[in-house]
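Undergrad: For the protein sequence lines, the chains are A and B, in the order given.
Adding 685 to a residue's 1-based position in the first sequence gives its number in the numbering used here.
Adding 1 to a residue's 1-based position in the second sequence gives its number in the numbering used here.
The beta-carbon is built from N, C-alpha and C at its ideal position, and this holds for glycine as well.
Please find one structure pasted underneath; my questions will follow.
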Amino acid sequence: MSDSSPTVLLVDDDAAVRKALSRVLREEGWHVEVFESAEAFLVRADHVADGCLVLDVTMPGLDGLELQQRLIQTGKAMPIVFVTGYGDIPMTVRALKAGASDFLTKPVEAEALLRAVRAAIEQGASVRRARAATAKLRQRYDGLTPREREVLTLLVTGALNKQVAATLGVVEQTIKFHRAQIMERMEAKTVAELMHIAARLEIGTPSEPPAQSQH
Amino acid sequence: MPVATANADATDPPGVLILHSYARALPSGIVVENTLRKIIPDGFNAPASVYSEYLDVEWLATQPRYAAQEAELLNNKYRERNVRVVVASGNYALQFVTNFRDRMLAGLPVVHLLVDKDSLERTALPGYVGKPIDLDPTPTLHLALRLHPDAKRLVIVLGGNSTPRDRLWERLTRLAVSRLEAGVDVEFLTGLPIPEIRRRLGAFPRGTIVFTAGYSPDPEGVSPRHSVERMAEASAVPIYSQFDSYLGTGVVGGYVTPFEQLASDAGAMVVQLLKGATRSSQIASGPLKQVPMVDWRQIRRWHIDEKLLPPDTIVKFREPSAWERYGLEISILAAILLLQVGLITALLMGRRSRRQTAAALGESQRQLSLAAAAARLSAWTWDTSENEHGSASRRRRRANGEKTTSIRFEEVLGSVHAGDRENLRRAARRALRTGDDLDVEYRVVLADGAVRWVAARGRPEGGDSRRLFGIALDVTERKTAELRAAEDRNALRHMSRVSMMGQLSAAIAHQLYQPLAAILGNAETAQKMLRRSELDVVELEDICKDIVSEDRRATEVIRRLSDLYKRDRLETKPIDINQLVTETLDLLRTELIVRHVDPRKEFAASLRAVDGDPVQLQQVVLNLVLNAADAMAEANGDRRVTVRTEARGNDVRLCVIDNGPGSAENKLDTVFDPFWTTKSGGMGMGLAVCRAIVAAHGGTITASNNPEGGATFCVNLPIREMT
């Protein structure tokens with residue numbers, strides 16, 4: 686995954702502003718795509734993995750805050766830098782609470798815009814990296830046998846091999862074997878690392894019991 | 002204690018910061034704002050800056066964290082601005098000031114107003130001055146019972162205890178009722194939704210009277226005044242309430258605290274503090290007395306005996322009777338009539354002696370001219386004949402012993418102000434031609450250059466088609482008052498426009514930020530490009546072209562704005578209505594986007610120009626479009642406002658059509674009345690101002706409901722006369 690030439694998607698209903706801001710962004714070496722409305726964005730924008738959205742708030746039809754909500758609801762959330770000439774505190778609070786990366790007011794200094802876009806792209810990238818790492822772990826976990834998953838869940842609660850064996854009605858030697866298998870498949874070098882991975886996958890927490898999440 | 006002014010910039014004029022409790026300008030807030038902004042500069046007699054901030058208590062109450070931030074923000078914003086006095090308007094603003102006394106503009110004297118006695122005791126700190134208001138409902142309840150001696154039941158209508166304001170009124174009214182020594186049943190209705198309370202009010206039997214303090218402002222935008230108005234609309238029985246600003250909503254009245262008085266007292270205190278008075282010791286501040294105030298139309302409506310009103314009652318909205326309006330004229334005519342009767346009697350009695358008669362006649366005439374002089378009244382006969390024949394007939398009449406005071410009409414015209422001469426000549430000709438009464442007002446220039454207004458009434462002398470007789474009355478005082486009233490109306494128009502522009506300021510700033518953002522982005526990119534070794538001349542040229550055109554766009558926004566802020570000076574020029582509407586909709590672009598309203602234009606292809614003042618006509622369009630947007634504020638689905646123009650005979654017609662809920666049929670006649678409003682934020686002047694402006698342009702304005710829903714406002718303006 687490379688951050689060398691990310692794409693910035695720019696949505697503003699004002700043609701002159703669109704042209705000027707895209708100049709600022711292009712000058713920085715980014716690839717820029719412009720949209721004249723939120724609706725046009727929804728129709729035409731490809732889901733760009735490594736980009737960020739520079740979004741005007743006050744637009745006819747769907748406004749910027751509504752577009753932000755729409756993206757969250759459809760699972761297409763991406764880092765957003767809002768740029769508005771019509772901002773007040775409640776509006777800013779709303780946008781930031783919903784996860785906006787920054788909220789700038791027009792006229793915006795080139796440096797401030799570039800800094801915000803850079804931060805948003807970095808934020809997106811780190812979210813993606815974390816997500817990718819978790820996905821890899823999840824994949825490994827899915828490769829475990831049902832029995833191994835059962836054992837792992839019990840180990841996560843802090844139970845000793847002996848206690849796990851008693852719970853499952855097998856001999857301790859069997860559990861030791863399962864544990865070694867689990868560590869190998871999960872690519873964990875130590876038990877502590879295995880516990881860390883389990884926590885990241887939320888195994889053993891009541892909110893997401895892994896046994897059920899697999900169906 | 003650190004004093005905020007210590008680090009203030011000495012070059013800034015001394016400043017005053019007004020903190021309003023509510024985010025929206027409630028009617029009371031508008032009175033406070035306008036009065037203070039007038040009184041402070043007048044009284045201080047030197048440059049002073051008045052800043053206003055609206056605290057939005059409803060929101061802050063739910064966000065305690067932001068209250069502290071708000072305080073810090075205000076402190077940062079005004080610390081450097083040489084603010085000397087803080088004005089807290091309303092309980093909540095004062096509470097806010099007290100809560101952050103040590104963090105926000107610490108140490109400055111605080112003037113409070115619209116704060117009740119109980120709240121003041123809880124929140125006041127040293128260094129606060131102001132006249133608390135007395136909210137005790139007892140005098141109002143007594144007034145209600147006094148005006149309705151037959152009342153059997155008193156119903157108290159209050160909001161639902163969900164706000165401090167509701168709790169305060171519940172406490173105050175319960176206490177007042179417990180002290181009431183009257184044989185009426187008392188019933189409390191608290192917290193009912195407005196539609197329900199309207200239903201109940203409509204069903205109350207005679208003999209019931211109602212007291213209400215209104216509902217607290219709610220997030221949906223219903224102000225206390227509006228809640229009271231909604232109640233009064235539906236009520237079958239009289240309603241009493243004790244707020245100045247509720248008069249006119251349909252309530253009878255009550256003992257009110259005059260807001261304007263309150264605000265001007267507070268303004269005087271601010272001035273004293275600005276002039277260097279050292280805090281409370283030098284400033285008088287007792288509670289302000291409540292005064293009885295009633296709406297005359299309601300007194301009539303409920304058949305209340307006027308004699309029962311306390312002698313010091315202020316009666317509002319009284320329609321002047323003929324006597325009140327024309328008292329002076331009537332008494333003069335009565336006096337003359339009496340003198341005439343006296344004269345005739347004297348003549349009859351004096352038949353015995355010619356000498357006696359002559360003496361009586363002389364005396365009467367002397368008295369008559371004396372009375373006339375006192376009343377600035379004169380009798381005249383004008384002779385409009387211009388040839389020798391006329392003079393001959395005059396001589397013949399004189400020879401016949403006829404005593405005549407006839408003067409040549411041309412001589413009359415000679416002393417008439419040049420601007421009114423033609424008008425008078427035309428009126429005289431018309432009267433002579435048709436035989437109708439002459440009724441005309443004109444200016445006369447006296448020998449010393451002074452100008453007096455004269456009203457003349459007369460009719461043709463029987464049998465002579467060239468002579469008119471009648472009376473002339475000096476109406477300079479009345480005319481001056483009328484002109485002053487016209488000036489006031491002008492000021493009101495201006496004020497209503499400026500307050501509207503205030504509401505629009507955020508949206509208009511946005512329109513200015515767009516080109517500025519484009520200019521900044523372009524210029525900064527150009528700077529960066531110029532640092533490179535290879536210049537992209539084509540791109541740089543395009544950037545410069547964009548900067549120039551965006552600069553023009555910004556200038557255009559500012560020009561239109563400053564036009565609208567201009568003080569009224571009626572200037573008439575030919576106006577293309579289509580262009581005027583286009584410019585107005587451009588100005589409103591952002592505001593309409595924010596309100597999710599879709600503006601549409603349906604223009605006649607070519608329209609004749611109308612004569613008018615562009616700023617005022619633009620105000621009419623602004624008002625009508627915003628009014629339409631307001632009407633649709635609660636509508637779900639499409640919100641469309643269509644502006645249609647068309648030629649109609651000798652008129653240009655401009656219609657603003659919305660698809661909101663429309664207006665109740667019986668209200669369509671009243672929408673143009675001053676103070677008619679269904680909005681919480683509005684002053685209710687918008688449509689009244691529209692009507693006044695349109696009338697001044699010789700046009701008409703009408704309101705109607707559309708068959709498919711929504712309302713239509715149409716303005717007809719006469720097209721420009723070709724001369």
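In terms of alpha-carbon separation, which member of Ile806(A), Leu738(A), Gln758(A) lies closest to Leu706(A)?
TA: Per the Cα distances, Leu738(A).
Undergrad: Name the residue from Arg649(B), Gln620(B), Asn706(B) whose alpha carbon lies nearest to the alpha carbon of Val690(B).
TA: For Val690(B), the nearest C-alpha among the options comes from Gln620(B).
Undergrad: Is it right to say Phe767(A) is buried, meaning 16 or more other beta carbons lie within 10 angstroms of its own, or is it exposed?
TA: Phe767(A) comes out buried.
Undergrad: Between the C-alpha atoms of Ala89(B) and Glu122(B), what's the straight-line distance to the nearest angstrom?
TA: Distance between the alpha carbons of Ala89(B) and Glu122(B) is about 15 Å.
Undergrad: For Thr701(B), which of helix, strand or coil comes out of DSSP?
TA: DSSP places Thr701(B) in strand when its eight states are reduced to three.
Undergrad: I'd like to know whether the C-beta atoms of Val841(A) and Met880(A) end up nearer to each other than 8 Å.
TA: Taking 8 Å as the Cβ cut-off, Val841(A) and Met880(A) qualify as a contacting pair.
Undergrad: Give the single residue among Arg479(B), Ala429(B), Val445(B), Gly254(B) whose Cα lies nearest to the Cα of Gly459(B).
TA: Nearest of Arg479(B), Ala429(B), Val445(B), Gly254(B) to Gly459(B), Cα basis: Ala429(B).
Undergrad: How many angstroms separate the CA atom of Ile408(B) from the CA atom of Val672(B)?
TA: The straight-line gap from Cα to Cα measures roughly 51 Å.
Undergrad: Check for me: the beta strand (DSSP E) holding Arg444(B) runs from which residue to which?
TA: Looking at the DSSP string, the run of the beta strand (DSSP E) that includes Arg444(B) is 439-446.
Undergrad: Is Pro110(B) near Gln291(B), with beta carbons less than 8 Å apart?
TA: Going by C-beta atoms, Pro110(B) is not nearer than 8 Å to Gln291(B).
Undergrad: Closer than 7 Å between beta carbons: that is the criterion. Which residues of the segment 710-722 of chain A meet it against chain B?
TA: Under the 7 Å Cβ criterion, the segment 710-722 of chain A contributes Glu712.
Undergrad: State the DSSP-derived secondary structure class of Ile315(B), mapped to helix, strand or coil.
TA: Three-state DSSP puts Ile315(B) in a strand.
Undergrad: Indicate whether Leu781(A) and Tyr826(A) have their beta-carbon atoms separated by less than 8 Å.
TA: Result no, Cβ atoms of Leu781(A) and Tyr826(A) do not sit closer than 8 Å.
Undergrad: Taking 8 Å as the threshold (beta carbon to beta carbon), is His227(B) in contact with chain A?
TA: No, His227(B) does not count as interfacial toward chain A.
Undergrad: Hey, Glu572(B) and Asp614(B) are a contact pair by Cβ (cut 8 Å); roughly how many whole angstroms apart?
TA: At roughly 6 Å, the Cβ-Cβ gap stays under 8 Å, so Glu572(B) and Asp614(B) are in contact.
Undergrad: Alpha carbons only, please: which of Gly415(B), Arg201(B), Gln243(B), Leu263(B) is nearest the one belonging to Ala235(B)?
TA: Taking only the C-alpha atoms, the option nearest Ala235(B) is Arg201(B).
Undergrad: Of the residues that make up the segment 689-708 of chain A, which ones have a beta carbon closer than 7 Å to any beta carbon in chain B?
TA: Taking 7 Å as the Cβ-Cβ cut-off against chain B, the residues of the segment 689-708 of chain A that qualify are Asp699, Ala701, Val702, Lys704, Ala705, Leu706, Arg708.
Undergrad: Would you decide whether Pro575(B) is buried or exposed? Buried here means 16 or more other CB atoms lie within 10 Å of its CB.
TA: Exposed is the call here.
Undergrad: How about Ala785(A) and Gln754(A): are their beta carbons less than 8 Å apart?
TA: Contact flag unset, no.
Undergrad: Per DSSP, Asp612(B) is paired with what?
TA: Asp612(B) pairs with Pro575(B).
Undergrad: Could you round the C-beta distance between Asp698(A) and Asp741(A) to whole angstroms and report it? I think they count as a contact, below 8 Å.
TA: About 6 Å; that satisfies the 8 Å criterion.
Undergrad: Measuring CB atoms only, is the segment 651-659 of chain B touching the segment 707-722 of chain B, in the sense that at least three cross pairs come out at less than 8 Å?
TA: Because the criterion of three Cβ pairs below 8 Å is met, the segment 651-659 of chain B and the segment 707-722 of chain B touch.
Undergrad: At a Cβ threshold of 8 Å, is Ala267(B) touching chain A?
TA: It does not; no Cβ of chain A falls within 8 Å.
Undergrad: Since Gln515(B) meets chain A, which of its residues come closer than 8 Å, beta carbon to beta carbon?
TA: Under the 8 Å cutoff, chain A gives Asp699, Ala701, Val702, Gly770, Lys791.
Undergrad: Given a cut-off of 8 Å on the beta-carbon distance, is the pair Tyr23(B) and Tyr55(B) in contact?
TA: For Tyr23(B) and Tyr55(B), yes; Cβs fall inside 8 Å.
Undergrad: Determine, using beta carbons only, whether Met232(B) and Val158(B) come nearer to each other than 8 Å.
TA: Against a cut-off of 8 Å, the Cβ pair of Val158(B) and Met232(B) comes out as a contact.
Undergrad: From Asp773(A) to Arg703(A), what distance separates their C-alpha atoms?
TA: Approximately 22 Å, taken between the alpha carbons.
Undergrad: So which residues of chain A does Asn523(B) contact, with C-beta pairs closer than 7 Å?
TA: The contacting residues are Ala705, Arg708.
Undergrad: Which of helix, strand or coil does DSSP assign to Arg409(B)?
TA: The answer is strand: DSSP assigns Arg409(B) an E or B state.
Undergrad: For Met744(A), which residues in chain B fall below 7 Å Cβ to Cβ?
TA: By Cβ distance, chain B contributes Ile594.
Undergrad: Counting C-beta neighbours from all protein chains within 10 Å, is the total for Phe862(A) 16 or more, i.e. buried, or is it exposed?
TA: So Phe862(A) counts as exposed.
Undergrad: Less than 7 Å between C-beta atoms, sequence neighbours within five positions excluded: which residues of the same chain meet that for Ala884(A)?
TA: Correct list: empty, nothing qualifies.
Undergrad: For a test of the three-state rule: what should DSSP assign to Lys118(B), helix, strand or coil?
TA: Residue state, collapsed to three classes: helix.
Undergrad: Show which residues of chain A have a CB atom less than 8 Å away from the CB atom of Ala507(B).
TA: By Cβ distance, chain A contributes Tyr771, Asp773.
Undergrad: Residues of chain B with CB closer than 8 Å to the CB of Glu724(A), please, in chain order.
TA: Those within 8 Å of Glu724(A) in chain B number zero; the least Cβ separation is about 14 Å.
Undergrad: To which residues of the same chain is Asp245(B) closer than 6 Å at the C-beta, ignoring the five residues directly before and after it?
TA: Same-chain partners within the cutoff: Val257, Pro259, Phe260.
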